[in-house]
Amino acid sequence: MDLRDQLKNLFPDHEEQDFEMPEEKFKQKEPLICKFEKKGRNGKPVTIVEGWEGNDDDLKKISKKIKTTLGIGGSEKDGTIIIQGDNRDKIMTILKDMGYKTKRVGG
1 MDLRDQLKNL FPDHEEQDFE MPEEKFKQKE PLICKFEKKG RNGKPVTIVE
51 GWEGNDDDLK KISKKIKTTL GIGGSEKDGT IIIQGDNRDK IMTILKDMGY
101 KTKRVGG
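In C-alpha coordinates, the structure reads:
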(Lines of atoms letter the chains of each structure in order from A; the text may use other names.)
(Lines give C-alpha, C1' and ligand atoms only; values in the text may rest on other atoms or scores of the structure.)
Protein backbone atom coordinates (compact mmCIF):
# COMPACT_ATOMS: atom_id res chain seq x y z
CA MET A 1 0.00 0.00 0.00
CA ASP A 2 1.58 3.26 -1.11
CA LEU A 3 1.13 6.74 0.29
CA ARG A 4 -1.72 7.67 -2.07
CA ASP A 5 -3.76 4.64 -1.01
CA GLN A 6 -3.18 5.46 2.64
CA LEU A 7 -4.31 9.04 2.11
CA LYS A 8 -7.43 7.84 0.26
CA ASN A 9 -8.28 5.64 3.25
CA LEU A 10 -7.81 8.55 5.66
CA PHE A 11 -9.68 11.11 3.51
CA PRO A 12 -12.24 9.25 1.37
CA ASP A 13 -14.10 12.41 0.26
CA HIS A 14 -10.98 14.17 -1.05
CA GLU A 15 -10.64 14.51 -4.82
CA GLU A 16 -7.08 14.50 -6.12
CA GLN A 17 -6.06 17.48 -8.27
CA ASP A 18 -3.08 18.14 -10.49
CA PHE A 19 -0.78 20.89 -9.27
CA GLU A 20 1.99 22.68 -11.13
CA MET A 21 4.68 24.65 -9.38
CA PRO A 22 4.76 28.24 -10.62
CA GLU A 23 8.01 29.26 -12.29
CA GLU A 24 10.07 31.75 -10.36
CA LYS A 25 11.28 34.65 -12.45
CA PHE A 26 15.01 35.31 -12.21
CA LYS A 27 15.92 38.44 -10.28
CA GLN A 28 19.35 40.06 -10.46
CA LYS A 29 20.68 40.72 -6.93
CA GLU A 30 23.64 42.98 -7.68
CA PRO A 31 23.49 45.85 -10.20
CA LEU A 32 25.00 45.34 -13.64
CA ILE A 33 28.23 47.29 -14.06
CA CYS A 34 28.46 49.37 -17.23
CA LYS A 35 31.98 50.59 -18.04
CA PHE A 36 34.02 52.06 -20.89
CA GLU A 37 37.32 50.55 -21.99
CA LYS A 38 39.95 51.07 -24.70
CA LYS A 39 42.90 49.08 -23.37
CA GLY A 40 43.89 45.91 -25.20
CA ARG A 41 41.62 46.65 -28.17
CA ASN A 42 43.98 48.63 -30.42
CA GLY A 43 42.52 51.89 -29.15
CA LYS A 44 38.96 51.03 -30.19
CA PRO A 45 36.37 52.05 -27.58
CA VAL A 46 33.95 49.47 -26.21
CA THR A 47 31.26 49.47 -23.54
CA ILE A 48 31.34 46.46 -21.23
CA VAL A 49 28.36 45.28 -19.17
CA GLU A 50 29.40 42.77 -16.51
CA GLY A 51 28.09 41.21 -13.32
CA TRP A 52 25.40 38.99 -14.90
CA GLU A 53 24.21 36.29 -12.47
CA GLY A 54 21.67 34.46 -14.66
CA ASN A 55 21.99 31.88 -17.41
CA ASP A 56 23.62 32.38 -20.82
CA ASP A 57 20.34 32.29 -22.77
CA ASP A 58 18.99 35.33 -20.94
CA LEU A 59 22.34 37.09 -21.39
CA LYS A 60 22.11 36.52 -25.16
CA LYS A 61 18.56 37.89 -25.23
CA ILE A 62 19.62 41.05 -23.39
CA SER A 63 22.65 41.47 -25.64
CA LYS A 64 20.54 41.05 -28.77
CA LYS A 65 18.01 43.61 -27.49
CA ILE A 66 20.79 46.15 -26.88
CA LYS A 67 22.47 45.52 -30.24
CA THR A 68 19.26 45.71 -32.29
CA THR A 69 17.97 48.78 -30.45
CA LEU A 70 21.21 50.71 -30.94
CA GLY A 71 22.03 49.20 -34.35
CA ILE A 72 25.63 48.39 -33.42
CA GLY A 73 27.78 45.28 -33.07
CA GLY A 74 28.94 43.42 -30.03
CA SER A 75 29.27 40.03 -28.39
CA GLU A 76 28.57 38.19 -25.15
CA LYS A 77 30.46 35.51 -23.24
CA ASP A 78 31.35 34.50 -19.69
CA GLY A 79 28.71 36.78 -18.14
CA THR A 80 29.83 39.95 -19.94
CA ILE A 81 28.37 41.88 -22.86
CA ILE A 82 30.78 43.81 -25.08
CA ILE A 83 29.23 46.56 -27.23
CA GLN A 84 31.18 48.63 -29.77
CA GLY A 85 31.62 52.32 -28.97
CA ASP A 86 30.97 54.46 -25.89
CA ASN A 87 27.24 53.94 -25.38
CA ARG A 88 27.03 53.69 -21.59
CA ASP A 89 24.11 56.08 -21.14
CA LYS A 90 21.98 54.49 -23.87
CA ILE A 91 22.71 50.96 -22.64
CA MET A 92 21.93 51.90 -19.05
CA THR A 93 18.57 53.35 -20.19
CA ILE A 94 17.72 50.16 -22.11
CA LEU A 95 18.64 47.96 -19.13
CA LYS A 96 16.65 50.16 -16.74
CA ASP A 97 13.59 49.86 -19.03
CA MET A 98 14.03 46.07 -18.91
CA GLY A 99 13.97 46.19 -15.09
CA TYR A 100 17.66 45.79 -14.25
CA LYS A 101 19.66 47.97 -11.90
CA THR A 102 22.82 49.43 -13.40
CA LYS A 103 25.90 51.14 -12.10
CA ARG A 104 28.15 53.40 -14.18
CA VAL A 105 31.90 52.96 -13.69
CA GLY A 106 34.50 55.38 -14.96
CA GLY A 107 34.39 58.97 -16.35
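Each residue of the sequence shown is one higher than the one before, counting from 1 in UniProt numbering. Idealized CB from N, CA, C, for every residue including glycine.
Residue i vs residue j beta-carbon contact at 8 Å
| i | j | result |
| --- | --- | --- |
| K103 | P12 | no |
| I66 | I94 | yes |
| K96 | E76 | no |
| M98 | I62 | yes |
| K38 | K44 | yes |
Residue i versus the options, residue with shortest Cα-Cα distance
| i | options | result |
| --- | --- | --- |
| V46 | Q17, G54, I82 | I82 |
| G54 | D78, N42, K44, T69 | D78 |
| F36 | Y100, G99, D89 | D89 |
| K101 | N87, T68, W52 | W52 |
| T69 | D57, L3, L10, N87 | N87 |
Collapsed DSSP secondary structure at residue i in the structure displayed
| i | result |
| --- | --- |
| Q17 | coil |
| I8 | For the sequence presented, residue 8 should be read as Lys rather than Ile. DSSP places K8 in helix when its eight states are reduced to three. |
Expected contact under 8 Å - CB spacing of residue i and residue j to nearest Å
| i | j | result |
| --- | --- | --- |
| T80 | V105 | Rounded, the Cβ-Cβ distance is 13 Å, inconsistent with contact. |
| G73 | Q84 | 5 Å |
(message) Extract the residue ranges of the beta strand (DSSP E) inside the UniProt domain "SUI1" (33-99), only unbroken runs of 3 or more that lie entirely within it.
(response) 46-50, 74-77, 80-84
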